[in-house]
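A quick write-up on the structure given underneath.
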Amino acid sequence: MRRQQESRRSESMNAARTQNRTLAWAIAAVLAALCIYLAMRILAAGEWLAAGAFLAIAGAGFFVYLSNAAFAYRYLYPGLAAMAVFVLFPLLYTAQIGFTNYSSAHLLSESRARQYLLDQVVPDDSRLMEFSLHADGSEHRIALRPVVDGATGAITHASAPIALKEGIEVAMPRTDAALPPLAKALPLTEVLKHRTALMSARLVMPDGVKLQYTGVREFAPVSPLWSAVDGGGVREAATGTVFLPNRDKGAFESAQGLALQPGFKVGVGFANYARMINDAEFRGPFLSIFTWTVVFAGMTVLFTLAIGMPLAVLLNWESLKYRSIYRTLLFLPYAVPAFISILVFKGLFNQNFGEINTLLNAVFGIRPAWFADPTLAKVMILIVNTWLGYPYVMILCSGLIKSIPADLYEASALAGASPWMNFRRITAPLIIKPLAPLLVTIFAFNFNNFVVIALLTDGRPDHLNTKLPAGTTDILVSYTYRIAFQDSGQNFGLAAAISTVIFFMIALMSFANMKVAKMAAGER
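All residue numbers for the sequence shown refer to our numbering, where the first residue is 163 and numbers rise by one.
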């Protein structure tokens, strides 16, 4: 009896497992079909890199959760997938753009740029017709009035009731046809609700001429400005000039070298990277900006350390009264949002009305041009960034000083050592090693400190006689932003190449940071 019960229980469990396995595989099949469909849609949009990345991540997910061989990765996969989507894919996508001519003049693919030209039309103003829209139950009727010398005549053509939808052709008989009278014309607000359907509609006149939507209230026959030719090119209707695709430059060009806009995106290999080295007019400002970036980040670390460490030592002095008050006041620059402090300093350094120049004028009779002189602008940036950064170093040093055994200072006091000797022989050697990795981190942060540059000087004053606008106070990240989104023609390809270079620089700094941290931990 017991064996029969156990056998039935075993059969029931096996049946349940089979059902669960069948359900799991059915769900997996549906999800796989959905993933393939989404990948095809992404690929149809021309994003082959995104489609490949999506399939790779989805395929890895199916392998991890459906295979026992990857059971240990089931808890790690969500984090790894998120890292791939939000870190690795943007990095690879940016690097890929760096090998193209992608810019405001080369946004489209070749086929889309060609189609854009072929879609260009010019209306025939001699047969311009003003239209009105009239409700007829759940449907609508279109009426036309001729426009002659800017004056609109009476209704000459009216359609039968139609359902407005995209891509329709509407017959427009004359008003003397046997059609019911028109209702009151709809106001413009109601007409605009049907604008999408009207823009794709074609009104067929009694003589067979088709009118297209050319304005908020107008229809007219149109003539194409361009026609297609063999070889993927276009011909200008007015002159007959043929423009063929130049896939090296990413533009449709005539035999005389005249290029059309818009151009199209093409691969340019290492041209953007080579430009940083070979183009003298670009290399000069770029090297200047790179040098200033390193100086800015390095001097910020030096100045914040020079101010933050002595303050930390001073605030850890037991005999100092009101230490808590001093510590709170000195921490305030770090507590206030940086963008507020930067904008306040921008007003303080104003040449004509700022309090700093007012004080300097009263004492020394000078009004420095902080924003116009490149050297003074850099000095101002360092002053502001030091003000924003020293509290962080002060807090770090305070914490490290607290970890130093007190008996070392007691023994030093018994030996009659001075405070300077304590700092030089005890405090500095014991905190500089654990502080070193943090200083590398501060350097890396300021290497990409976009906010202080953008809000304080916006990179100005500019270098003179440069192909691309470049500021004397720009750092690499602000210069890259300027190239990509501001006054340099939105050259996304060049900006992506510079961003890739910056990434490798920061990666090297991070590697150095880990090495320094490992060395510091090992020596301790």
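Yeah, the Cβ is synthetic: ideal placement off N, Cα and C, and Gly gets one too.
Quiz prompt | Host beta strand (DSSP E) of Phe405 (start-end) | solution = Translated into the one-based positions of the sequence shown, residue 405 becomes position 243. Element bounds for Phe405: 404-408.
Self-check item: 8 Å CB neighbourhood of Ala359 in its chain, flanking five on each side removed
Solution: The residue you call residue 359 lines up with position 197 of the sequence shown. Leu326, Lys327, Glu328, Ile330.
Quiz item: Where does Phe526 fall in DSSP's three states?
Solution: Counting from 1 along the sequence shown, the entry for residue 526 is found at position 364. Helix at Phe526.
Quiz item: Counting along the chain, where does the alpha helix (DSSP H) carrying Glu443 start and finish?
Solution: For the purposes of this step, residue 443 is taken as the residue at position 281 of the sequence shown. Per DSSP, Glu443 belongs to the alpha helix (DSSP H) from 442-477.
Quiz item: Just the Cα atoms here: how many angstroms apart are Ile159 and Val639?
Solution: This structure gives no information on residue 159, because the portion of the chain shown stretches from 163 to 686.
Quiz prompt | Segments assigned beta strand (DSSP E), at least 3 residues, entirely inside the segment 245-308 | solution = 283-285, 291-298
Self-check item: Per-residue DSSP class, three states only, for Ser481
Solution: Walking along the sequence shown from the start, residue 481 turns up at place 319. Residue state, collapsed to three classes: coil.
Exercise. State the DSSP-derived secondary structure class of Val396, mapped to helix, strand or coil.
Key: For this step, residue 396 is matched to residue 234 along the sequence shown. Correct three-state label for Val396: strand.
Quiz item: Since Leu562 contacts Leu601 with CB under 8 Å, what's their CB separation in whole angstroms?
Solution: In the sequence shown, residue 562 corresponds to position 400, counting from 1. In the sequence shown, residue 601 corresponds to position 439, counting from 1. Their Cβ separation, rounded to whole angstroms, is 12 Å, which puts Leu562 and Leu601 out of contact at 8 Å.
Quiz item: So, is Ser300 buried or exposed, given that buried needs 16 or more other C-beta atoms within 10 angstroms?
Solution: Stepping through the sequence shown from its first residue, residue 300 is reached at position 138. With fewer than 16 Cβ atoms within 10 Å of its Cβ, Ser300 is classed as exposed.
Self-check item: Whole-angstrom C-beta distance between Ile324 and Leu306, which should lie under 8 Å
Solution: Position 144 of the sequence shown holds residue 306. Position 162 of the sequence shown holds residue 324. Incorrect: roughly 14 Å between the Cβ atoms, too far for contact.
Quiz item: Which value, in whole angstroms, describes the spacing of the CA atoms of Val247 and Ala190?
Solution: The sequence position of residue 247 within the sequence shown is 85, counting from 1. The sequence position of residue 190 within the sequence shown is 28, counting from 1. About 21 Å.
Self-check item: Check whether Ser416 and Phe405 have beta carbons under 9 Å apart
Solution: The residue you call residue 416 lines up with position 254 of the sequence shown. The residue you call residue 405 lines up with position 243 of the sequence shown. Closer than 9 Å, so yes.
Practice problem: Please report how far the alpha carbon of Pro631 lies from the alpha carbon of Val613, in whole angstroms. | Solution: Working through the sequence shown from its first residue, we reach residue 631 at position 469. Working through the sequence shown from its first residue, we reach residue 613 at position 451. Computed Cα separation, rounded: 19 Å.
Self-check item: Range covered by the alpha helix (DSSP H) that runs through Lys427
Solution: The sequence position of residue 427 within the sequence shown is 265, counting from 1. Where Lys427 is concerned, there is no enclosing alpha helix (DSSP H), given that its DSSP letter is neither H nor E.
Quiz item: If you draw a straight line from the alpha carbon of Arg485 to that of Ala474, how long is it in whole angstroms?
Solution: As a position in the sequence shown, residue 485 is number 323, starting the count at 1. As a position in the sequence shown, residue 474 is number 312, starting the count at 1. So the alpha carbons of these two residues sit roughly 11 Å apart.
Practice problem: Could you check the C-alpha separation between Arg437 and Tyr641 for me, to the nearest Å? | Solution: In the sequence shown, counting from the first residue as 1, residue 437 sits at position 275. In the sequence shown, counting from the first residue as 1, residue 641 sits at position 479. Taking the straight line from one Cα to the other gives about 15 Å.
Exercise. State buried or exposed for Val463, treating a residue as buried only when at least 16 other CB atoms are found within 10 Å of its CB.
Key: Mapped onto the sequence shown, residue 463 falls at position 301. Buried.
Quiz item: When burial is assigned at 16 or more other CB atoms within 10 Å of the CB, is Ala382 buried or exposed?
Solution: Translated into positions along the sequence shown, residue 382 becomes position 220. It is buried - the Cβ of Ala382 has at least 16 other Cβ atoms within 10 Å.
Quiz prompt | Among Leu656, Trp582, Phe448, Ile668, the one whose alpha carbon lies nearest that of Ser635 | solution = Within the sequence shown, the letter at position 473 stands for residue 635. Before going on, a small fix: residue 635 reads as Thr here, not Ser. Ranking Leu656, Trp582, Phe448, Ile668 by Cα distance to Thr635 puts Phe448 first.
Self-check item: Rounded C-alpha distance that separates Pro499 from Val249
Solution: Taking the first residue of the sequence shown as 1, we reach residue 499 at position 337. Taking the first residue of the sequence shown as 1, we reach residue 249 at position 87. Between Pro499 and Val249, the C-alpha separation is close to 27 Å.
Self-check item: Selection from Leu576, Gly621, Leu558, Asp569 that minimises the alpha carbon distance to Lys595
Solution: Counting from one through the sequence shown, the residue named residue 595 turns up at place 433. Nearest of Leu576, Gly621, Leu558, Asp569 to Lys595, Cα basis: Leu558.
Practice problem: Return no unless some Cβ of chain D is closer than 9 Å to the Cβ of Val384. | Solution: Given the protein chain composition of this structure (a single chain), no chain D is represented.
Quiz item: Are Met471 and Ile593 close, meaning C-beta to C-beta below 9 Å?
Solution: Position 309 of the sequence shown, counted from the first residue, corresponds to residue 471. Position 431 of the sequence shown, counted from the first residue, corresponds to residue 593. Going by C-beta atoms, Met471 is nearer than 9 Å to Ile593.
Exercise. Look up Lys629 in the DSSP assignment and say whether it is helix, strand or coil.
Key: The sequence position of residue 629 within the sequence shown is 467, counting from 1. Residue state, collapsed to three classes: coil.
Quiz item: How about Tyr235 and Leu228: do their beta carbons lie closer than 9 Å?
Solution: Counting from one through the sequence shown, the residue named residue 235 turns up at place 73. Counting from one through the sequence shown, the residue named residue 228 turns up at place 66. No. Outside cutoff.
Quiz prompt | Opposing strand residues paired with Ser385 [DSSP bridges] | solution = The count along the sequence shown starts at 1 and reaches residue 385 at position 223. In the DSSP output, where bridge partners are listed per residue, Ser385 has Val284.
Practice problem: State buried or exposed for Ile637, treating a residue as buried only when at least 16 other CB atoms are found within 10 Å of its CB. | Solution: Taking the sequence shown and counting its residues from 1, the one referred to as residue 637 is at position 475. Ile637 is buried by the Cβ-count criterion.
Quiz item: Hey, how far is the Cα of Leu505 from the Cα of Ile615?
Solution: Here the question's residue 505 lines up with position 343 in the sequence shown. Here the question's residue 615 lines up with position 453 in the sequence shown. C-alpha separation (whole angstroms): 11 Å.
Quiz item: Given a threshold of 16 other Cβ atoms within 10 Å of its Cβ, counted over all protein chains shown, does Ser271 qualify as buried or as exposed?
Solution: Position 109 of the sequence shown, counted from the first residue, corresponds to residue 271. So Ser271 counts as exposed.
Quiz item: By Cβ distance below 7 Å, which residues in the same chain neighbour Tyr375 in space, the five residues on each side in sequence not counted?
Solution: If you number the sequence shown from 1, residue 375 lands on position 213. These residues qualify, in order along the chain: Leu360, Met361, Ala363, Phe381.
Practice problem: Tell whether a beta-carbon distance below 9 Å holds between Gln258 and Leu205. | Solution: In the sequence shown, the residue the question calls residue 258 occupies position 96. In the sequence shown, the residue the question calls residue 205 occupies position 43. No, the Cβ-Cβ distance between Gln258 and Leu205 is not below 9 Å.
Quiz item: Under 9 Å between the Cβ atoms of Ser385 and Arg397?
Solution: Here residue 385 corresponds to residue number 223 of the sequence shown, with the count starting at 1. Here residue 397 corresponds to residue number 235 of the sequence shown, with the count starting at 1. Against a cut-off of 9 Å, the Cβ pair of Arg397 and Ser385 comes out as no contact.
Practice problem: Run through the segment 302-384 for me and flag every whole alpha helix (DSSP H) of 4 or more residues, listed as ranges in chain order. | Solution: 350-354, 357-362
Practice problem: Could you check if Phe501 is buried or exposed, using at least 16 other CB atoms within 10 Å of its CB as the buried criterion? | Solution: In the sequence shown, residue 501 corresponds to position 339, counting from 1. Classification of Phe501: exposed, given that the 10 Å Cβ count is below 16.
Quiz item: If you draw a straight line from the alpha carbon of Phe666 to that of Asn653, how long is it in whole angstroms?
Solution: Here residue 666 is taken as the residue at index 504 of the sequence shown, counted from 1. Here residue 653 is taken as the residue at index 491 of the sequence shown, counted from 1. If you take the alpha carbons of Phe666 and Asn653, they lie about 21 Å apart.
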